[in-house]
Every structure is written in structure tokens, then in C-alpha cells.
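For reference, the structure is listed below as C-alpha cells.
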Amino acid sequence: MTKIGFIGLGTMGGPMAGNIVKGGYDVKGFDINPTLVKNHIKNNGIAANSAAEAAINSDILFTMLPNAEHVKSSLFEKNGAVENLKKGSIVIDMSTIHPFETDSIREKLKTHGISMIDCPIGRTSVEAKIGKSLLMVGGDKNDIETVKPVLELIGDTLKDCGGPGMGSRMKIVNNYMTTVLNVLSGEALTLARAIGLEQSTCIDVLSGTAAVKSHLTTTYPSKVLNNDVSPAFMIHLALKDLGIAVDLGEKVNAPLDLGKASVNTYQSSINEGRSNQDWTSVFLNLQNRAGLSLPEEIKE
Ligand code: NAD
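Taking my numbering, the leading residue of the sequence shown gets 6, the next gets one more, and so forth.
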């Protein structure tokens with residue numbers, strides 16, 4: 006029977022380790038907080054006194070820690086897991102860390118004959134408790150197949166993100182979008198309130214447009230992702246509307262930080278000759294500025 010080690014029994018790791026125990030596996034858990042190790046015992050898990058001890062006989066070792074420093078110290082420092090991990094075992098790091106750190110941890114583990122899967126988590130501890138997390142998986146196909154039965158105890162949605170390191174990369178893109186959209190949602194509702202709109206009316210109306218339906222599922226697929234920037238709504242008109250909102254915000258003291266930053270992106274697109282293109286062509290402007298190649302044929 007596959008043996009599991011689990012380092013980091015906090016808000017996310019605790020319930021996840023518990024769900025693997027419920028799935029019938031021996032799970033040796035370690036956390037620097039002894040209370041969390043005691044909770045793991047209450048959940049029928051096995052206690053470890055160090056990361057190294059959690060690794061003894063483990064075929065799969067999970068890490069669910071705050072940041073890359075914690076992952077590196079739990080693996081590579083004194084009493085770290087690598088002291089006892091056997092060749093051929095698989096480390097699954099579910100922490101949200103910088104993807105370049107993921108790459109260097111993978112390389113270091115490889116020198117010890119250990120594979121790594123990066124597997125950060127979408128959704129929150131609410132879903133982690135009931136085994137319904139979304140897993141962004143990055144690793145070799147064979148390794149992913151090996152660990153799949155265990156991952157399925159943690160999540161109900163497994164997304165293979167396309168190879169080693171891609172789970173970690175996907176997670177940062179996801180969190181970039183969700184963290185910024187959080188601020189954008191707050192800015193929009195603050196402006197709405199400051200100019201006298203009812204919040205419920207505002208949410209109701211926004212839910213019927215790309216504001217809530219999202220560009221990625223509405224305007225992008227029909228236009229720029231289809232290599233078509235013939236205008237459904239022109240860039241210069243979008244900038245005109247954004248300008249009105251930013252001006253209104255200034256007049257009623259509603260801070261529109263993201264709105265002001267977005268003016269630059271629209272202006273840069275216009276400077277590039279995209280004034281009469283569809284507003285989704287900001288994506289072409291951004292890719293250009295990133296030095297990425299654009300499709301050869303674009304319908305204007
Ligand atoms: P947490 O702080 O509740 O848990 C982290 C645990 O790691 C703590 O219990 C801490 O004592 C332990 N720890 C720290 N250093 C250690 C070490 N060297 N050895 C052993 N244990 C150590 O945090 P969390 O909410 O469980 O988040 C963990 C990771 O998951 C983070 O990278 C976070 O960004 C990510 N994440 C969190 C959520 C969420 O909703 N909470 C959702 C998705 C991803």
C-alpha cells in the first residue's frame with residue numbers, strides 16, 4: 006500500500022491530509038505547530054516529529070506550506086525530508102510559490118532521484134474540507150498517473166496544466182486575475198455607491214454584461230482569440246467611456262486605481278494604430294509589448 010507523508014497541516018493541509026486518511030492511506034503528518042499534529046492524530050493520522058520523520062518509507066510526500074522558503078527548508082535543511090526520502094518517491098508541492106522556485110526545487114530533488122509534481126490549489130479551505138478542491142497539476146504524465154488516486158481524494162477537478170512547472174505557473178496567472186478582479190469589483194461598486202446607484206441594481210445590471218460574464222468567455226473568443234479585431238466596439242470609444250468613469254471617480258473621490266492604469270493600456274493601443282479596432286485588441290498590444298509573436302493574419 007502506498008505510504009504518504011504530509012508536511013504542513015494548516016488551514017488547507019490539515020483537512021487534505023484528513024481526507025487522504027479517510028481514503029484508507031497511512032498518512033504521516035508533520036507541522037511545526039504541535040497542536041495541528043495532535044489534530045492529525047485525532048483524524049486517525051500518524052504523527053511525525055520532523056519533516057525527515059514524515060518522509061520515512063513514504064512513496065508520496067506532500068508539502069502544503071506558506072511560501073518557497075518553508076518548502077525548501079522542510080525538504081533540504083537539517084531534519085528535512087530529503088534525508089529520508091527514497092529514490093523513486095514523488096514530492097507533491099501544493100503550496101502557492103514563485104514558479105522559478107518550483108523549477109529550482111524540482112532540479113534539486115532530481116539530483117536525489119526524487120520526482121516532483123507542482124500541484125497548487127484553486128478554491129479555498131471550504132472546498133478543501135470536503136475534498137472538492139481544483140488541482141492545477143504540473144508534472145510528468147507517468148508520475149501524475151501514479152499519484153492520481155490520492156489526488157482524487159483531495160480534489161474533484163484535476164487540471165493537467167501541461168508539464169513540469171506548469172501547475173505553479175497556472176496558479177500565479179489564476180491568482181493574478183482573481184486578486185486584481187477583486188479590486189476591480191470593489192472599485193466599480195465604490196464608484197456606483199458614490200454616485201447614488203443601488204448596489205443590488207448595479208450587480209444585477211453588471212451580471213448581464215461582459216463586466217461579470219467576463220471577457221474571456223464572451224468578447225475574447227468571438228473576436229481577438231478568433232484573430233478578428235474588426236470592431237464590435239472600438240478602442241477609442243472604450244477609452245472615451247473609461248475617461249468618463251475616471252473623471253467621475255475623481256469628482257466624487259472614488260479611487261479608481263485600476264481604471265487609471267488601464268487608460269495607459271488603451272492609449273498605448275491607440276498609439277499602435279488600433280483606434281478603430283475591437284476593444285479586445287488590447288490583448289495584441291500587450292503581447293506586442295511582451296515581445297510575443299502575433300498571428301500572421303488578423304481580420305481588421
Ligand atoms: P496555513 O498558514 O494555515 O498553513 C501552513 C502551515 O505550514 C502552518 O500550519 C504552519 O505551521 C506550517 N509550517 C510552516 N513552516 C513549516 C515547516 N518548515 N515545516 C512544517 N510545517 C510548517 O496556510 P494555508 O491557508 O493552509 O495555505 C498553505 C498554502 O496554500 C499557501 O501557499 C497558500 O497561499 C495556499 N493556498 C491557500 C488557500 C486558502 O484558501 N487558505 C487556497 C489555495 C492555496
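Using N, Cα and C, we set each Cβ at its ideal position, and we do this for glycine too.
Note that the coordinates shown come from a computational prediction; the quantities given were computed from them, not determined experimentally.
Taking 8 angstroms as the cut-off, does the CB of residue i come closer than this to any heavy atom belonging to ligand 1?
| i | result |
| --- | --- |
| Gly4 | The first residue shown for the chain is 6 and the last is 305, placing residue 4 beyond what the model contains. |
| Ala57 | no |
| Lys237 | The sequence given here has Ala at residue 237, not Lys. Every heavy atom of ligand 1 is 8 angstroms or more from the Cβ of Ala237, so no. |
| His103 | no |
| Phe67 | no |
| Leu318 | In the structure displayed, the chain extends from 6 to 305; residue 318 sits before or after that span and is not available. |
| Phe288 | no |
| Asn72 | yes |
| Thr116 | no |
| Gly24 | It is worth fixing the name first, because residue 24 is Asn in this sequence and not Gly. No, Cβ of Asn24 sits at least 8 angstroms from all heavy atoms of ligand 1. |
| Ile37 | yes |
| Met182 | no |
| Ile12 | yes |
Should residue i be labelled buried (16 or more other beta-carbon atoms within 10 Å of its own) or exposed?
| i | result |
| --- | --- |
| Ser169 | One point to set straight first is that residue 169 is Pro, not Ser, in the sequence displayed. So Pro169 ends up on the buried side. |
| Gly254 | buried |
| Asn89 | buried |
| Arg294 | exposed |
| Gln282 | buried |
| Gly191 | exposed |
| Ser227 | exposed |
| Lys43 | exposed |
| Phe35 | buried |
| Gly296 | exposed |
| Lys33 | buried |
| Ser235 | exposed |
| Glu210 | In the sequence under discussion, the amino acid at residue 210 is Val, which differs from the Glu named in the question. Answer is exposed; the Cβ neighbour count stays below 16. |
| Ser298 | exposed |
| Val155 | buried |
Contact between the segment 119-126 and the segment 166-177: three or more CB pairs below 8 angstroms? yes
What are the start and end residues of each continuous beta strand (DSSP E) run of 3 or more residues lying completely inside the segment 68-106, in chain order? 95-98
With three or more beta-carbon pairs closer than 8 angstroms as the criterion, would you say the segment 128-142 touches the segment 202-212? no
Does the segment 180-188 come into contact with the segment 238-256, if we say contact requires no fewer than three beta-carbon pairs (one atom in each stretch) closer than 8 angstroms? No, because fewer than three Cβ pairs between the segment 180-188 and the segment 238-256 fall closer than 8 angstroms, the two stretches do not touch.
Pairs of beta-carbons, one from the segment 104-117 and one from the segment 147-155, closer than 8 angstroms: are there three or more? no
I'd like to know if the segment 91-99 and the segment 62-81 are in contact, where contact means that at least 3 CB-CB pairs between them fall below 8 angstroms. yes
Touch test, the segment 156-167 against the segment 101-110, Cβ-Cβ under 8 angstroms, three pairs minimum: no
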